[in-house]
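In what follows, a structure is listed as structure tokens, so that the remarks can point back to it.
There are 2 protein chains.
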Amino acid sequence: MDRLPAYDHKIVLITGGLGFIGSNMAHRLAACSRAKIRIVDSLHPACGGNPRNLDDIVRPAEVHTFDMRDAAKLRETVRDVDVVFNLAGQISHIDSMDHPLQDLQANAEAHLGLLETCRAHNPGARIVFSSTRQCYGRPQRLPVDEEHPILPLDINGVNKYAGESYHRIYRQAHGLETCSLRLTNTYGPRQLIRHSRQGFIGWFIHQILCDDEIVLFGGGTQIRDLTYVDCVVDALLLAGSHPDAPGRIYNLAGPQPVSLLEIVEMMIAISGKGRYRIAPFPEEHRRIDIGSYYGSSARIQAELGWRPRVELREGLSRALEFFEKRRHMYLKA
Amino acid sequence: MDRLPAYDHKIVLITGGLGFIGSNMAHRLAACSRAKIRIVDSLHPACGGNPRNLDDIVRPAEVHTFDMRDAAKLRETVRDVDVVFNLAGQISHIDSMDHPLQDLQANAEAHLGLLETCRAHNPGARIVFSSTRQCYGRPQRLPVDEEHPILPLDINGVNKYAGESYHRIYRQAHGLETCSLRLTNTYGPRQLIRHSRQGFIGWFIHQILCDDEIVLFGGGTQIRDLTYVDCVVDALLLAGSHPDAPGRIYNLAGPQPVSLLEIVEMMIAISGKGRYRIAPFPEEHRRIDIGSYYGSSARIQAELGWRPRVELREGLSRALEFFEKRRHMYLKA
Numbered sequence: 003m004d005r006l007p008a009y010d011h012k013i014v015l016i017t018g019g020l021g022f023i024g025s026n027m028a029h030r031l032a033a034c035s036r037a038k039i040r041i042v043d044s045l046h047p048a049c050g051g052n053p054r055n056l057d058d059i060v061r062p063a064e065v066h067t068f069d070m071r072d073a074a075k076l077r078e079t080v081r082d083v084d085v086v087f088n089l090a091g092q093i094s095h096i097d098s099m100d101h102p103l104q105d106l107q108a109n110a111e112a113h114l115g116l117l118e119t120c121r122a123h124n125p126g127a128r129i130v131f132s133s134t135r136q137c138y139g140r141p142q143r144l145p146v147d148e149e150h151p152i153l154p155l156d157i158n159g160v161n162k163y164a165g166e167s168y169h170r171i172y173r174q175a176h177g178l179e180t181c182s183l184r185l186t187n188t189y190g191p192r193q194l195i196r197h198s199r200q201g202f203i204g205w206f207i208h209q210i211l212c213d214d215e216i217v218l219f220g221g222g223t224q225i226r227d228l229t230y231v232d233c234v235v236d237a238l239l240l241a242g243s244h245p246d247a248p249g250r251i252y253n254l255a256g257p258q259p260v261s262l263l264e265i266v267e268m269m270i271a272i273s274g275k276g277r278y279r280i281a282p283f284p285e286e287h288r289r290i291d292i293g294s295y296y297g298s299s300a301r302i303q304a305e306l307g308w309r310p311r312v313e314l315r316e317g318l319s320r321a322l323e324f325f326e327k328r329r330h331m332y333l334k335a
Numbered sequence: 003m004d005r006l007p008a009y010d011h012k013i014v015l016i017t018g019g020l021g022f023i024g025s026n027m028a029h030r031l032a033a034c035s036r037a038k039i040r041i042v043d044s045l046h047p048a049c050g051g052n053p054r055n056l057d058d059i060v061r062p063a064e065v066h067t068f069d070m071r072d073a074a075k076l077r078e079t080v081r082d083v084d085v086v087f088n089l090a091g092q093i094s095h096i097d098s099m100d101h102p103l104q105d106l107q108a109n110a111e112a113h114l115g116l117l118e119t120c121r122a123h124n125p126g127a128r129i130v131f132s133s134t135r136q137c138y139g140r141p142q143r144l145p146v147d148e149e150h151p152i153l154p155l156d157i158n159g160v161n162k163y164a165g166e167s168y169h170r171i172y173r174q175a176h177g178l179e180t181c182s183l184r185l186t187n188t189y190g191p192r193q194l195i196r197h198s199r200q201g202f203i204g205w206f207i208h209q210i211l212c213d214d215e216i217v218l219f220g221g222g223t224q225i226r227d228l229t230y231v232d233c234v235v236d237a238l239l240l241a242g243s244h245p246d247a248p249g250r251i252y253n254l255a256g257p258q259p260v261s262l263l264e265i266v267e268m269m270i271a272i273s274g275k276g277r278y279r280i281a282p283f284p285e286e287h288r289r290i291d292i293g294s295y296y297g298s299s300a301r302i303q304a305e306l307g308w309r310p311r312v313e314l315r316e317g318l319s320r321a322l323e324f325f326e327k328r329r330h331m332y333l334k335a
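Chains as they are written, first to last, in the working numbering: chain A, 3 to 335; chain B, 3 to 335.
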């Protein structure tokens, strides 16, 4: 992987750094730069944090376990950092409907607190926020670009959009160096796969590894664009160092639109095991379902030069291999 | 004023019922219906609640003073109500930038808690939420209709949009009978006028009554559409009783677009006193200023039959007369 000279000797804070994307970021920075890596993670059971995600990291990261809403601890952690990758959050749409106030705390309140802390104690830090395509709700046109109307369909989408908007406003009103990426479905090593509440891909992987039957709702015809986690880390690193990124909002999009059925069939072909059946949509999913989605990342390609470099088959192969080797760490007990 | 038979013998909860619009709602229901009127108000100093706003009410209302985030108290207050006029909130854009976490609590968290309480304990109640044109941010076209892009420019707008979105989602996902009105600048009796942080009209009224010099920023050329509070109460009452209202979002708009300069000159002409001068925009205002705004209320006119019936001159006359008679209660000490 390419060296990252822009991060050498920088102090980099990763919120949610024990989670899926955050821990992949930590591994990358450890391997490809001389950045000082600092992590904050609440290890809240509803989020995806897992200390084992840092296993085998080539240089140690400094890990602080506390809830970002603890203003005093956050102040100490933030005051000297150069870049914040603000990736902490609760990502389950279903959980957000069952426990909406927890979702509000994790996805809105915690970020407003971080921005207030940076405004007061470190206004020069670059802050990159991981937002989500969930802001758009059900697509009114495809591919979805950044000008698509905002109409989130679940509590998670509302609170993530609030979190993103706080970052935008702290740029416009207070001059902070914020930038947001709207992620689509991300997959790869270190994602949470032991239950189905944090997205379908992780659960598919789990079922393949266990040779369990995958249930495809609604015929599996729904379209998504999956982004491999290394490509998401590429984009975050660009947004954290490129001079034109502050004040911008960028979609990430996968290398190709693909149906859920195609994804499952590809996983089965790669791993040589697994099976599936088709079933109707359960009610609690249907009401907040967005139908088919794929995005356009033309803006970030034009402005920062990012594009997803890992094809779906390659990414799925790497992910399945990673988890196959670490079954004892990632599969449910 | 017309009788309101739809509200006879109904239990009506007004959150923020000691505030500007809420207290006018209470007066109207007391005078024109046999509704049982129940009020919740935090009397938080940053909000607009004032117990004197219920002076001279023709039938008493039941008043509960607590923060809506108190789930146990809210449950007892909500469980038997037929209609909730959910008007509580923090409305100052400037305060929301200085104390964003308080704004989040008042404008997002409190409403999510109310909706959760209704979902669990009174899912059949009609809930009407007072949202705001601030969701739109700086107008991209005029007049602004409900399809205008969402891009709030200040923390208050973000949190109000989150509050509105929760109401929409609790309709779509849980079947609650919610409806939201996006209010524009509202004026009239019982509004807070003793400082400038809750909108310019109240402060203009205060300055006129004190014969103080009004400072018009940016030449006074900015356009607004002012809605008289009785017209807003009309719309809320329609939304609380009309069978087609649940699930809908409606703009309210004033009877005419008007510049700030015209408003001030009209006030001076009506009251026979007051004066003004032109000044540049202060920085803290400029950064969150939305420029000129006026809305279209064609949707609510077509669907519920609402239109603003009080012209600006008439409304300003009534407001100035109300406050002139109650200077000791509403002017700053």
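All C-beta atoms in this analysis are idealised placements derived from N, C-alpha and C, irrespective of residue type, glycine included.
Could you work out which residue in B:Gln-104, B:Arg-5, B:Glu-264 and B:Gly-91 is closest to Val-42 of chain B when comparing CA atoms only?
-> Closest by alpha carbon: B:Gly-91.
Sequence-distant residues of the same chain with beta carbon closer than 6 Å to His-29 of chain B, five excluded per side = Ile-59.
Can you tell which of A:Leu-218, A:His-95, A:Phe-68 and A:His-101 has the C-alpha that lies nearest to the C-alpha of Ile-16 of chain A?
-> Considering only alpha carbons, the answer is A:Phe-68.
Determine the closest residue to Val-14 of chain B out of B:Ile-23, B:Gly-21, B:Asp-4 and B:Arg-36, with distance taken between C-alpha atoms.
-> It is B:Arg-36.
Out of curiosity, what's the CA-to-CA distance linking Glu-313 of chain B and Ile-129 of chain B?
-> Here the alpha carbons of Ile-129 of chain B and Glu-313 of chain B stand approximately 28 Å from one another.
Answer yes or no: do Asn-253 of chain B and Glu-148 of chain B have a C-beta to C-beta separation smaller than 8 Å?
-> For the 8 Å CB-CB criterion, Asn-253 of chain B and Glu-148 of chain B form a contact.
Out of A:Arg-81, A:Asn-124 and A:Asp-246, point me to the one whose CA is closest to Gly-307 of chain A's CA.
-> Gly-307 of chain A has its Cα closest to that of A:Asp-246, out of A:Arg-81, A:Asn-124 and A:Asp-246.
Please confirm if Asn-161 of chain A has its CB atom under 8 Å from at least one CB of chain B.
-> Answer yes: the Cβ-Cβ gap between Asn-161 of chain A and chain B drops below 8 Å somewhere.
Determine the burial state of Ala-304 of chain B: buried for a count of at least 16 other Cβ atoms within 10 Å of its Cβ, exposed for fewer.
-> Burial call: exposed.
Taking Ser-133 of chain B as part of the alpha helix (DSSP H), name the residues at either end of that continuous run.
-> No alpha helix (DSSP H) contains Ser-133 of chain B, which is instead part of the beta strand (DSSP E) from 128–134.
Can you grab the Cα-Cα spacing for the pair Ala-73 of chain A / Leu-103 of chain B, in whole Å?
-> Distance from the CA atom of Ala-73 of chain A to the CA atom of Leu-103 of chain B, rounded to whole angstroms, is 12 Å.
Please name the residues in the segment 89–101 of chain A whose beta-carbon is closer than 9 Å to at least one beta-carbon of chain B, in chain order.
-> Within the segment 89–101 of chain A, the qualifying residues are Met-99.
Can you find a CB in chain B that lies within less than 8 Å of the CB of Ala-48 of chain A?
-> Cβ-Cβ to chain B under 8 Å: no for Ala-48 of chain A.
Shorter than 8 Å from the beta carbon of Gly-115 of chain A to some beta carbon of chain B?
-> Taking Cβ atoms only, chain B reaches closer than 8 Å to Gly-115 of chain A, which makes this a yes.
Going by alpha carbons, who is nearest to Pro-191 of chain B out of B:Asn-158, B:Ile-203 and B:Leu-238?
-> Closest option to Pro-191 of chain B, Cα to Cα, is B:Ile-203.
Glu-179 of chain A, enclosing beta strand (DSSP E) - first and last residue | Where Glu-179 of chain A is concerned, the enclosing beta strand (DSSP E) stretches over 179–185.
From this set, B:Pro-47, B:Lys-327 and B:Glu-264, which residue's C-alpha is nearest His-208 of chain B's C-alpha?
-> Of the candidates B:Pro-47, B:Lys-327 and B:Glu-264, the one whose C-alpha sits nearest the C-alpha of His-208 of chain B is B:Lys-327.
Asp-105 of chain B versus Thr-134 of chain A - alpha carbon distance | One alpha carbon belongs to Asp-105 of chain B, the other to Thr-134 of chain A, and they sit about 23 Å apart.
List the residues of chain A that Glu-118 of chain B touches, going by C-beta distances under 9 Å, in chain order.
-> Neighbours of Glu-118 of chain B in chain A, taken as residues whose beta carbon is under 9 Å from its own, are Pro-102 and Leu-103 in chain order.
Residue closest to Gln-224 of chain A, alpha-carbon to alpha-carbon, out of A:Tyr-278, A:Leu-45, A:Ser-294 and A:Leu-240 = Of the listed residues, the one whose Cα sits closest to Gln-224 of chain A is A:Ser-294.
Check the Cβ of Ile-152 of chain B against every Cβ in chain A and list those closer than 7 Å, keeping chain order.
-> Ile-152, listed in chain order.
What is the DSSP secondary structure of Phe-15 of chain A, reduced to helix, strand or coil?
-> It is worth fixing the name first, because residue 15 of chain A is Leu in this sequence and not Phe. In the structure shown, Leu-15 of chain A sits in a strand (DSSP, three-state: E or B).
Quick one: what does DSSP say Val-60 of chain A is sitting in, helix, strand or coil?
-> Looking at Val-60 of chain A - three-state DSSP - the assignment turns out to be coil, as it is neither helix nor strand.
Going straight from the alpha carbon of Ser-65 of chain B to that of Gln-174 of chain B, what length do you get?
-> The sequence as given places Val at residue 65 of chain B; Ser does not occur at that position. In this structure, the CA atom of Val-65 of chain B is about 31 Å from the CA atom of Gln-174 of chain B.
Cβ-based burial, Gln-142 of chain B [other Cβ within 10 Å; buried from 16] = By the neighbour-count rule (16 or more Cβ atoms within 10 Å), Gln-142 of chain B is not buried but exposed.
List the endpoints of the continuous alpha helix (DSSP H) containing Arg-320 of chain B.
-> Where Arg-320 of chain B is concerned, the enclosing alpha helix (DSSP H) starts and stops at 314–327.
So what's Asn-52 of chain A in DSSP terms, helix, strand or just coil?
-> In this structure, Asn-52 of chain A counts as coil in the three-state DSSP scheme.
Beta-carbon separation of Ala-110 of chain A and Ala-48 of chain A under 8 Å?
-> Their beta carbons are not under 8 Å apart, which means Ala-110 of chain A does not touch Ala-48 of chain A by this criterion.
Just confirm the distance between the C-beta atoms of Arg-77 of chain B and His-150 of chain B, as a whole number of angstroms; I'd bet it's less than 8 Å.
-> Wrong, their Cβ atoms sit about 37 Å apart, outside the cutoff.
Quick one, which residues of the segment 250–261 of chain A are near chain B if we go by CB-CB under 8 Å, in chain order?
-> Shown here is that no member of the segment 250–261 of chain A has a Cβ falling below 8 Å from a Cβ of chain B.
With 8 Å as the threshold, decide whether the Cβ of Ser-167 of chain B is near any Cβ in chain A.
-> Yes, because at least one Cβ of chain A sits closer than 8 Å to the Cβ of Ser-167 of chain B.
Euclidean distance between Cα positions of Ile-251 of chain B and Ile-171 of chain B | The alpha-carbon separation between Ile-251 of chain B and Ile-171 of chain B amounts to approximately 12 Å.
Can a CB atom of chain B be found closer than 8 Å to the CB of Ala-175 of chain A?
-> Put simply, the CB of Ala-175 of chain A is near chain B, with a gap under 8 Å to one of its CB atoms.
Within 8 Å, strictly: CB atoms of Ala-255 of chain A and Thr-186 of chain A | Yes. Within cutoff.
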